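FYI, in our numbering the residues of the sequence shown are 711 to 1148.
We put the beta carbon where it would ideally sit given N, CA and C, even for glycine.
Everything numeric in this text was worked out from a predicted model, so none of it was measured.
Here's the structure we're looking at; comments come further down.
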Amino acid sequence: MSEQHTVLKKVIKPVHLWAIGVGLVISGEYFGWNYGWGVAGTVGFLIATLIITLLYITFIFSFTELTTSIPQAGGPFTYSHRALGPLGGLIAGYATAVEFLLATPAIAFALGNYLHFLHPALPVLGCGIGFYVLLTGVNLLGIKESALFSLVITLLAVFELLIYMGIVAPSFKVSNFMHNPMPAGWFGVFAALPFAIWLYVCIEGIAMVAEEVKDPSKNIPKGYISGILTLMILAIGVMVFTGGITDWQQLSAIDYPLPEAIGIVLGKQSGVAKIFAGIGLFGLIASFNGIILSYSRQLFALARSGYLPSFLAALSPKRQAPHWSLIVGGLLGIIALYLGKTDQLVILSVLGAVVMYILSMISLFILRKKEPELERPFKAPLYPWFPAIALILSVVSLIAIIYYNVWLSILFFAGMAIALVIFVAMGRHKVGAVVYTT
């Protein structure tokens, strides 16, 4: 396949990067994180969230060095391949694909539940599949259209979360937040780490659109840094205010905690509660769209480098979108909808993310020594401390996830082992990945 048919268009500006970065994650503020209350309580989960916030601040400032130095659609796969060789690239590619491909069905479940909350006659699963079809269609239109859609829907989602905090804040009571705050003690804090990661997971998906960014050396840092700061404020604000309005245990095991919370504050028959639940779809749609955009680029990059079937690297002639990667990724997500539950999909997605974070930080250290002359438009601040902190906290998170989710972890690593066996049997471990200029 010739290079000119596998190179993506550069159309993304800083504001689009902010929207993609925040949009990728913002659904995590709407649902999923509240399962962390169920294992840790409010204060236990707050501690877990602060630990993970430190992880993401140090990780993003370190990861930006890799993305600006090697701005390719493969993202972590490309960095790990360059630093660790073909096997490292495969593991990073597998972990990233699992992270993004399984985050989308988790969001699809939440979308279905939100619509079911509004109109009980609507089926949860059917609505989730419908959103897959709709948003895959949006991304088939091309990156320019998808980025514009992300910008509009993300702005609406951020605005809505600010309104939400304004509505529930007057009802916040410290006594509610401090009721049974750490029922499982410090063990609960570790058990809650994957749900805290859900508040930030997938922001690194900006790396997968790096080839499509105008002036990536200057604009990618702007997108990452503005995105993580926005998410940090929203995540902690939403989680703390929600925990103080009622008995938090009522909200710890549902996929629509925010509309339920507003229903508690204003009354479930309140028109505002119903309106909020309706526009609450904005955040979920923003993440759904952004993750579809990211996983399609990851599959595209893996296929372009020979790690997946070559047809996944094909671009539509008119729109220059990786149409087969979009379609196949959507089909895999729909299958996951039938096989998994929301909390299981969250855990598997986060597990893939943490493995990828570990490999990325290791790659950063290796590339600093292996390629000292590599152009680095943005360097990780306080090196080596920032990447070291991110690496250590990622390892701690990995241990916690495996310890509290043994069978899901076995499933994840069994899939990785199968991929490695096939990869080695085909002799791909002896072949270098194709490098594409950007």
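Worksheet item: From this set, Gly1125, Met1136, Gly1137, Ala1135, which residue's C-alpha is nearest alanine 802's C-alpha?
Response: Gly1125
Fill in: Alpha carbon of alanine 807 to alpha carbon of leucine 734, nearest angstrom
15 angstroms
Worksheet item: Is isoleucine 1001 helix, strand or coil by DSSP?
Response: helix
Practice prompt. Starting from alanine 1129, trace the alpha helix (DSSP H) both ways and give me its first and last residue.
Written response: 1116-1135
Worksheet item: By how many angstroms is the C-alpha of isoleucine 972 removed from the C-alpha of phenylalanine 827?
Response: 13 angstroms
Worksheet item: What do you reckon, are the CB atoms on isoleucine 946 and threonine 774 nearer than 8 angstroms?
Response: no
Worksheet entry | Opposing strand residues paired with valine 808 [DSSP bridges] | Paired residue(s): none; valine 808 is not in a bridge.
Worksheet item: Going straight from the alpha carbon of leucine 1118 to that of lysine 1051, what length do you get?
Response: 12 angstroms
Worksheet item: cysteine 837 lies in the alpha helix (DSSP H); which residues open and close that run?
Response: 834-850
Worksheet item: When DSSP builds the beta bridges, which residues end up paired with isoleucine 722?
Response: Val923
Fill in: Straight-line Cα distance separating proline 1027 from asparagine 1115
44 angstroms
Practice prompt. Report yes or no: do three or more beta-carbon pairs, one from the region 845-857 and one from the region 992-1000, lie closer than 8 angstroms?
Written response: yes
Worksheet entry | Unbroken stretches of the alpha helix (DSSP H), 4 residues or longer, contained in the region 872-902 | 884-887
Fill in: 8 angstroms CB neighbourhood of glycine 876 in its chain, flanking five on each side removed
none
Worksheet entry | alpha helix (DSSP H) segment containing arginine 1029, residue limits | It is not in any alpha helix (DSSP H) - arginine 1029 carries neither H nor E in the DSSP assignment.
Worksheet item: Taking all protein chains shown into account, do 16 or more other C-beta atoms lie within 10 angstroms of the C-beta of phenylalanine 1088, making it buried, or fewer, making it exposed?
Response: buried
Item to complete: Taking 8 angstroms as the threshold, find out whether the region 997-1014 comes into contact with the region 1029-1039 through three or more Cβ pairs.
Response: yes
Fill in: Reduced DSSP secondary structure (H/G/I, E/B, other) of asparagine 823
helix
Practice prompt. Determine, using beta carbons only, whether tyrosine 745 and alanine 963 come nearer to each other than 8 angstroms.
Written response: yes
Item to complete: Within 10 angstroms of the Cβ of tryptophan 958, are there 16 or more other Cβ atoms? Answer buried if so, exposed if not.
Response: buried
Worksheet item: Looking at the unbroken alpha helix (DSSP H) that takes in proline 786, where does it start and where does it end?
Response: 786-794
Worksheet item: How long is the line joining the alpha carbons of isoleucine 1132 and tyrosine 1017, rounded to whole angstroms?
Response: 10 angstroms
Practice prompt. Could you tell me whether the Cβ atoms of serine 1073 and tyrosine 804 are closer together than 8 angstroms?
Written response: no
Worksheet item: Are glutamine 1008 and methionine 892 close, meaning C-beta to C-beta below 8 angstroms?
Response: no
Discussion item. Do proline 967 and threonine 956 have their beta-carbon atoms positioned less than 8 angstroms apart in this structure?
Written reply: no
Worksheet item: Apart from the five residues on each side of it in sequence, which residues of its chain come closer than 6 angstroms, Cβ to Cβ, to valine 753?
Response: Pro891, Met892
Worksheet item: Three-state secondary structure (DSSP) at tryptophan 958?
Response: helix
Worksheet entry | Supposed close pair isoleucine 762, isoleucine 907 - CB separation, criterion 8 angstroms | 5 angstroms
Worksheet item: Whose C-beta lies closer than 7 angstroms to the C-beta of glycine 852 among residues of the same chain, with five residues either side of it excluded?
Response: Arg1029, Gln1030, Ala1031
Worksheet item: Counting only runs that start and end within the region 1029-1112, where is the alpha helix (DSSP H) found for 4 or more residues in a row?
Response: 1033-1049, 1052-1080
Worksheet item: Any idea if phenylalanine 869 is buried or exposed, counting beta-carbon neighbours within 10 angstroms, 16 or more meaning buried?
Response: exposed
Worksheet item: Does the beta-carbon of leucine 925 have 16 or more other beta-carbons within 10 angstroms, so that it is buried, or is it exposed?
Response: Looking at the sequence shown, residue 925 is not leucine but aspartate. Flag for aspartate 925 reads exposed.
Fill in: Inter-residue Cα distance where the pair is isoleucine 1128 and isoleucine 1001
25 angstroms
Practice prompt. Measure the CB-CB distance between tyrosine 874 and valine 948 and report whether it falls below 8 angstroms.
Written response: yes
Discussion item. Within the continuous alpha helix (DSSP H) that includes phenylalanine 741, where are the two ends?
Written reply: First-last for phenylalanine 741: undefined, no H or E at that position.
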